[in-house]
Amino acid sequence: MPKDGGIGSSTKRREDVRFLSGTGNYTDDINLHGQLYAHFVRSDVAHGRINSIGAEAAEAMPGVVKVFTAKDFEGVGGVPCGWQITSIDGNPMQEPKHPVLAEGKVRHVGDPIAVVVAESLEQARDAGEALEIDIEMLDAVVDMKKALEPGATKVHDDLDSNLCYDWGFVQENKDAVDEAIKNADHVTTLELVNNRLVANPMEPRVAVGDYNRSTDEHTLYTTSQNPHVIRLLMGAFVLGIPEHKLRVVAPDVGGGFGTKIFHYAEEAFCTFAAKALNRPVKWTSTRSEAFMSDAHGRDHVTKIELAMDADNNFTAVRTETHANMGAYLSTFAPSVPTWLHGTLMAGNYKTPLIYVNVKAVFTNTVPVDAYRGAGRPEATFQLERVIDKAARERGVSPIELRRQNFITEFPYATPVAVEYDTGDYHATMDKVLEMSDHAGFEARAAESKKNGKLRGFGIAHYIEACGIAPSNLVGQLGARAGLYESATVRVNATGSISVMTGSHSHGQGHETSFAQVVSEMIGIDANQIDIIHGDTAKGPMGMGTYGSRSIAVGGSAMVRATEKIIAKAKKIAAHLMEASEGDIELKDGQFTVAGTDKSVAWGDVTLAAYVPHNYPLEDIEPGLEETAFYDPANFTYPSGGYVCEVEVDPETGKADVVAFSAADDFGNVINPMIVEGQVHGGVAQGFGQAMMENCAYDADGQLISASYMDYAMPRALDLPMIQVDHSCQTPCTHNPLGVKGCGEAGAIGSPPAFVNAVIDALNRGGHKVDHIDMPLSPDRIWSAMHAAK
Amino acid sequence: MHNFEYVRPKTIDEAVSALSSDEAQPLSGGQTLMPTMKARLAAPEKLVSLTAIDEMKGVRMDGDQLWIGGGTTHATVARETADSYPALSSLAGRIGDPSVRSMGTIGGSIANNDPSACYPAGALGSGATIVTNTREIAADDFFQGMFMTALEEGEIVTAVKFPIPQKAIYQKFIQPASRFPLTAVFVAHFGDNVRVAVTGASGGGVFRWTEAEEALASNFTGDAVAGLSVSAEDMISDLHGSGEYRAHLTKVMTKRAVDALA
Ligand SMILES: Cc1cc2nc3c(=O)[nH]c(=O)nc-3n(C[C@H](O)[C@H](O)[C@H](O)COP(=O)(O)OP(=O)(O)OC[C@H]3O[C@@H](n4cnc5c(N)ncnc54)[C@H](O)[C@@H]3O)c2cc1C
Chain A
1 MPKDGGIGSS TKRREDVRFL SGTGNYTDDI NLHGQLYAHF VRSDVAHGRI NSIGAEAAEA
61 MPGVVKVFTA KDFEGVGGVP CGWQITSIDG NPMQEPKHPV LAEGKVRHVG DPIAVVVAES
121 LEQARDAGEA LEIDIEMLDA VVDMKKALEP GATKVHDDLD SNLCYDWGFV QENKDAVDEA
181 IKNADHVTTL ELVNNRLVAN PMEPRVAVGD YNRSTDEHTL YTTSQNPHVI RLLMGAFVLG
241 IPEHKLRVVA PDVGGGFGTK IFHYAEEAFC TFAAKALNRP VKWTSTRSEA FMSDAHGRDH
301 VTKIELAMDA DNNFTAVRTE THANMGAYLS TFAPSVPTWL HGTLMAGNYK TPLIYVNVKA
361 VFTNTVPVDA YRGAGRPEAT FQLERVIDKA ARERGVSPIE LRRQNFITEF PYATPVAVEY
421 DTGDYHATMD KVLEMSDHAG FEARAAESKK NGKLRGFGIA HYIEACGIAP SNLVGQLGAR
481 AGLYESATVR VNATGSISVM TGSHSHGQGH ETSFAQVVSE MIGIDANQID IIHGDTAKGP
541 MGMGTYGSRS IAVGGSAMVR ATEKIIAKAK KIAAHLMEAS EGDIELKDGQ FTVAGTDKSV
601 AWGDVTLAAY VPHNYPLEDI EPGLEETAFY DPANFTYPSG GYVCEVEVDP ETGKADVVAF
661 SAADDFGNVI NPMIVEGQVH GGVAQGFGQA MMENCAYDAD GQLISASYMD YAMPRALDLP
721 MIQVDHSCQT PCTHNPLGVK GCGEAGAIGS PPAFVNAVID ALNRGGHKVD HIDMPLSPDR
781 IWSAMHAAK
Chain B
1 MHNFEYVRPK TIDEAVSALS SDEAQPLSGG QTLMPTMKAR LAAPEKLVSL TAIDEMKGVR
61 MDGDQLWIGG GTTHATVARE TADSYPALSS LAGRIGDPSV RSMGTIGGSI ANNDPSACYP
121 AGALGSGATI VTNTREIAAD DFFQGMFMTA LEEGEIVTAV KFPIPQKAIY QKFIQPASRF
181 PLTAVFVAHF GDNVRVAVTG ASGGGVFRWT EAEEALASNF TGDAVAGLSV SAEDMISDLH
241 GSGEYRAHLT KVMTKRAVDA LA
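Those protein sequence lines, which keep their order, are chains A and B.
Using full-length UniProt numbering, read the first sequence as starting at 1 and increasing by one per residue.
Using full-length UniProt numbering, read the second sequence as starting at 1 and increasing by one per residue.
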């Protein structure tokens with residue numbers, strides 16, 4: 001039985017009190033004295049040359065303070081990219097400038113051309129309509145393959161082509177892979193699209209810039225998942241503000257899903273303009289702006305080949321992917337289709353030879369970057385779809401085909417450069433088949449058939465790499481940052497604790513689960529512990545939250561700092577009890593001397609640290625505050641089996657998800673309720689991708705799913721209750737908590753389960769359909785059924 | 001949103017005179033007009049709210065017809081026609097979400113004539129009469145194509161009168177994003193004749209599928225529809241479905257409606 005409020009207990013989320021009672025403090029709730037409002041005037045064409053911007057009339061309008069254009073940003077850096085990829089030919093990727101405001105050309109619908117700053121938002125918008133903008137339309141490049149054709153219109157005139165990079169991995173294995181595929185007994189080939197998505201966090205992005213002339217200090221309040229990273233990128237690369245003069249605050253953030261990792265032009269703009277105008281400047285994205293300015297996710301087009309021997313053992317995998325970068329390189333964009341995707345192409349399987357080729361392409365579309373799962377959903381989708389197709393082609397069970405090829409011995413070094421520390425894939429497969437009552441499926445299918453429905457059973461098994469990442473490794477891979485995490489544990493005189501973590505919570509519940517860890521370690525009530533995050537002025541340099549890294553990396557840093565606290569507190573306790581340090585034990589907030597009945601309470605020790613009258617001053621300093629930076633030794637590798645059951649209405653093509661089960665191995669679990677919620681959210685987003693969401697452009701680069709009228713978001717009623725289990729636990733071997741991370745699993749593992757289920761249903765109904773590209777809308781399913789006839 | 005003047009008259013006459021100025025526009029539930037204004041796609045100088053006009057509200061029997069005031073919300077219609085006209089109640093009860101239903105009105109929906117709206121199918125399928133401040137217009141003459149109606153400048157829908165069929169049903173297949181109809185069919189059986197109105201499908205807006213009506217008049221079974229086909233020619237083709245798909249859905253939804261009633 002876990003202790004209430006300790007590790008393993010489903011403690012209710014303390015932050016929900018303020019979130020659910022409307023007393024949270026989001027960036028848009030921040031209003032500063034004398035604040036001005038910024039309105040971004042954005043391109044409504046995908047590609048065009050800016051001939052002129054006439055701002056005179058707009059600047060004369062009531063309340064308008066200034067109209068900014070690119071010329072105000074001469075000498076200011078571009079929005080930087082944080083990861084460099086090297087092409088097969090050894091050249092670095094092509095890296096175009098990403099100006100704060102469009103210079104000379106607009107390159108996607110939504111590209112900011114000018115900003116009106118005014119006393120009120122309505123005045124700024126009115127003036128925005130009065131700008132005289134002369135743009136000469138150019139041909140737009142939308143389709144990735146056409147973008148790479150010789151003579152294609154270039155998104156960036158100063159680059160050689162629209163190819164950002166052409167990456168091969170592992171290049172040394174290429175010939176062997178080609179050979180294995182040539183000699184295979186059977187090769188299953190599948191071409192598929194991983195559809196472009198818009199993250200759509202409930203809270204749109206907001207930035208408020210502030211400047212203090214007397215101290216020369218800048219403050220940016222922003223909707224970010226990683227305020228320190230924004231401080232570094234914006235301070236060092238864009239605006240030239242040293243860190244000690246720049247504070248970045250990311251208060252309550254209403255969902256991120258990746259799209260709030262990146263440094264955006266609007267943040268740099270508000271910070272810059274606040275100094276230029278000597279008044280605070282605020283920008284709040286509208287939902288329409290979010291669709292065309294938040295970095296999008298996914299957008300890969302892939303051909304995958306899976307080679308097998310006569311016994312259906314996987315012998316090789318080869319993929320060729322075109323990955324859309326959009327018009328500019330967003331902060332971590334180049335890493336997503338490469339290191340976060342290619343390294344996962346082994347999946348759960350002992351395929352000995354793997355080769356991944358990725359061509360990243362510039363197009364006249366919104367930049368694409370990490371979205372929940374980032375690269376790993378794309379890898380998992382390809383593998384789990386091609387395996388299903390292979391099973392059908394070979395006439396074997398998709399479950400047995402997977403099992404036969406599962407990795408069973410750990411640690412396991414994959415041919416794609418990573419080493420899985422632990423896992424037990426048969427266990428999660430067994431569990432999910434039990435949860436989903438696989439044995440009873442045929443009976444349910446027969447029942448559906450009676451009602452005129454086609455029932456399908458879809459299975460997917462995934463691996464992911466979380467807890468990004470060992471800094472020295474990612475440095476070799478092109479990252480321009482370290483990926484450690486930090487924590488400061490500040491014990492106050494009366495024993496309460498403030499933990500400053502570099503992780504950032506934007507819905508994940510860190511304030512609850514992180515406190516559980518410290519409570520467990522020290523044995524004091526979790527309510528005595530506060531988790532503080534999201535302000536560069538409060539905590540040490542931190543790298544933020546993404547890649548399911550918070551508990552694995554941030555939590556580990558906190559454990560290390562707490563260990564230092566305990567070690568020091570034991571010294572003080574030993575002094576107070578006149579015992580030897582080695583005999584001191586800490587349990588339930590009491591220090592005892594082994595083998596005696598002596599004890600002192602946690603609060604006595606902490607008080608002594610700050611009122612050091614009776615204190616070993618010759619050995620240790622007063623105070624009780626420790627900081628740790630934790631750099632992980634490896635990624636963590638959560639895995640799991642997911643099952644989806646659908647009923648397809650053959651007349652309309654509508655697929656209803658009737659059951660969904662997820663058996664995940666997250667290693668040790670801190671708060672099972674929060675973990676369950678994370679899986680629910682991830683599966684719902686995976687469902688959105690698989691069945692509903694589609695960010696679509698027309699051939700001219702117009703965004704045709706630019707609002708909720710056309711961009712379909714899943715709702716609670718669209719899904720059945722999701723069954724979640726995380727009892728299969730193979731703890732991570734290299735972090736102190738044995739945790740793996742759970743934030744993205746649902747979005748990674750579920751899309752192929754949904755699609756596999758629909759394809760299974762159709763084939764059981766006699767429709768020979770191999771694949772349908774996501775989202776599996778009724779129209780697409782119906783069309784595929786009819787094309788197959 | 002641009003600035004505008006706002007008036008909230010208490011009678012139809014006051015509303016009509018307030019609407020006589022050039023740039024004035026009626027505002028009912030605002031569920032269509034407000035988002036358009038917020039997106040700065042419409043900028044009326046004056047909004048004349050119809051929400052305080054008591055004579056435009058309510059549901060009652062008027063002889064053998066059901067009278068619904070133009071300012072009656074979807075939620076009220078859903079609640080108050082549950083016994084008198086269940087098919088209409090079910091149509092109103094499935095529009096949007098609770099907040100849309102609590103604000104949006106039948107008059108606003110009919111006047112707007114969105115090609116994917118529900119009420120136009122209910123009105124045309126029932127053979128309703130649209131009552132305005134100046135005249136009565138048969139539904140057959142009222143809906144004149146996507147977002148086009150017989151309404152003159154400044155004319156307002158004050159009520160809609162529905163004859164009550166022996167049986168009727170509304171079959172709605174939703175567009176996954178907006179949850180408006182992708183294609184929806186209202187089938188009403190009046191004994192000697194049958195009306196089939198289709199919304200969401202055609203580029204020309206709501207229409208009657210007369211071929212099905214004729215077939216069903218003599219044989220009110222799903223099979224009567226099974227042999228028919230709908231041309232995809234004028235159908236809407238977009239991100240959510242091709243014209244062929246919508247034509248197909250027209251038939252499937254009609255057949256399901258009839259099967260449910262027969
Ligand atoms: C999220 C959402 C979901 C929706 N889902 C659906 C759905 O599933 N099915 C569906 O049918 N609709 C749906 N709607 C639309 C909704 O039903 C609207 O309420 C309706 O279309 C317009 O009614 P209103 O009273 O809000 O009109 P308003 O928005 O106030 O006005 C609409 C137009 O009609 C004019 N007008 C208003 N009243 C009158 C009148 N009495 N006489 C003359 N002209 C008038 C206005 O000037 C304006 O041009 C949805 C809306 C939203 C926001």
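Backbone N, C-alpha and C define an ideal beta-carbon position, used for all residues, glycine too.
>> Contact criterion: CB-CB distance below 8 Å. Does V198 (chain B) meet it with respect to chain A?
In response: no
> Taking Cβ-Cβ distances below 9 Å as the criterion, which residues of the region 102-129 of chain A are in contact with chain B?
Replying inline: E122, R125, D126 and E129
> Does the beta-carbon of I88 (chain A) have 16 or more other beta-carbons within 10 angstroms, so that it is buried, or is it exposed?
Replying inline: Exposed.
> N278 (chain A) and Y211 (chain A) look like a contact to me (Cβ under 8 Å); what is the Cβ gap, rounded to whole Å?
Replying inline: 7 Å
> Along the chain, which unbroken stretches of the beta strand (DSSP E) at least 3 residues long are found entirely within the region 29-90 of chain A?
Replying inline: Runs of the beta strand (DSSP E) lying entirely within the region 29-90 of chain A, each at least 3 residues long, are 36-42, 48-54 and 64-68 in chain order.
> Can you name the residues of chain B whose CB is closer than 9 Å to the CB of D143 (chain A)?
Replying inline: Per Cβ cutoff of 9 Å: no residues; D143 (chain A) is ~17 Å from chain B at best.
>> Using beta carbons (cut-off 8 Å, strictly below), is W782 (chain A) in contact with chain B?
In response: At least one chain B Cβ lies under 8 Å of W782 (chain A).
> Does the beta carbon of I772 (chain A) come closer than 8 Å to any beta carbon on chain B?
Replying inline: no
> Along the chain, where does the beta strand (DSSP E) that runs through Y630 (chain A) open and close?
Replying inline: E625 to Y630
>> In the DSSP assignment, the beta strand (DSSP E) including T592 (chain A) goes from what residue to what residue?
In response: Q590 to V593
> Between the Cα of A180 (chain A) and the Cα atoms of A:T338, A:N763, A:N313 and A:V553, which residue gives the shortest distance?
Replying inline: A:N313
> What residues of chain A sit near L239 (chain B), judged by a beta carbon separation below 8 Å?
Replying inline: N694, A696, I704, S705 and D710
>> Can you check whether the C-beta of S293 (chain A) is within less than 8 Å of a C-beta belonging to chain B?
In response: It does not; no Cβ of chain B falls within 8 Å.
> Is the shortest distance between the beta-carbon of E651 (chain A) and the beta-carbons of chain B less than 8 Å?
Replying inline: So, interface residue.
> Which residues, taken in chain order from the region 752-778 of chain A, show a beta carbon closer than 7 Å to some beta carbon of chain B?
Replying inline: S777
> In chain D, which residues lie less than 9 Å from S288 (chain A) when you measure between Cβ atoms?
Replying inline: Here chain D cannot be found, since the structure's protein chains are A and B.
> A268 (chain A) and V117 (chain A): beta carbons closer than 8 Å?
Replying inline: no
>> Using CA atoms only, rank isn't needed, just tell me which of B:T51, B:F173 and B:L261 is closest to L779 (chain A).
In response: Looking at the sequence shown, residue 779 (chain A) is not Leu but Asp. Minimum Cα distance to D779 (chain A) is reached at B:F173.
> Of the residues B:D64, B:L50 and B:I137, which one's Cα is nearest the Cα of T105 (chain B)?
Replying inline: If we check each option's Cα against that of T105 (chain B), B:L50 comes out closest.
> Taking the alpha carbon of K453 (chain A) as the point to measure from, which residue in A:A323, A:P80, A:A655 and A:C728 has its own alpha carbon closest?
Replying inline: A:A655
> How would the residue list near ligand 2 read, in chain order, if you kept each one whose beta-carbon is closer than 5 Å to any heavy atom?
Replying inline: The model on display carries ligand 1 but not ligand 2.
>> Measuring alpha carbon to alpha carbon, tell me which residue in A:L192, A:P2 and A:L163 is nearest S10 (chain A).
In response: A:P2
> With T222 (chain A) and T23 (chain A) assumed to form a contact (beta carbons below 8 Å), what rounded beta-carbon distance in angstroms separates them?
Replying inline: Rounded, the Cβ-Cβ distance is 21 Å, inconsistent with contact.
> Closest to H12 (chain A) by CA distance: which of A:R715, A:P672, A:E243 and A:A413 is it?
Replying inline: Residue 12 (chain A) is actually Lys in this sequence, not His. Comparing Cα-Cα distances from K12 (chain A) to each of A:R715, A:P672, A:E243 and A:A413, the minimum goes to A:P672.
> Closest to Q685 (chain A) by CA distance: which of A:A537, A:S750, A:D583 and A:Y349 is it?
Replying inline: A:S750
> Less than 8 Å separating the beta-carbons of A188 (chain B) and P165 (chain B)?
Replying inline: Contact annotation: A188 (chain B) and P165 (chain B) have beta-carbon atoms nearer than 8 Å.
> Would L249 (chain B) count as contacting chain A if we go by Cβ distances under 8 Å?
Replying inline: yes
> Name the chain A residues whose beta carbon is nearer than 8 Å to that of S242 (chain B)?
Replying inline: D779 and S783
> Name the chain A residues that come within less than 7 Å of P176 (chain B), Cβ to Cβ?
Replying inline: M692, A712 and S777
> Expressed to the nearest angstrom, what Euclidean distance is found between the alpha-carbon atoms of R231 (chain A) and C270 (chain A)?
Replying inline: R231 (chain A) and C270 (chain A): Cα-Cα distance of roughly 13 Å.
>> When you compare the CB of Y85 (chain B) with every CB in chain A, is at least one pair closer than 8 Å?
In response: no
>> Once DSSP output is grouped into helix, strand and coil, what is the label at E618 (chain A)?
In response: coil
> By Cβ distance below 6 Å, which residues in the same chain neighbour E578 (chain A) in space, the five residues on each side in sequence not counted?
Replying inline: none
>> Between S707 (chain A) and S288 (chain A), how many whole angstroms is the CB-CB distance? I'm expecting something under 8 Å.
In response: 6 Å
>> Going by DSSP, what residue range makes up the alpha helix (DSSP H) through R195 (chain B)?
In response: No alpha helix (DSSP H) contains R195 (chain B), which is instead part of the beta strand (DSSP E) from V194 to T199.
> How about L586 (chain A) and I522 (chain A): are their beta carbons less than 8 Å apart?
Replying inline: yes
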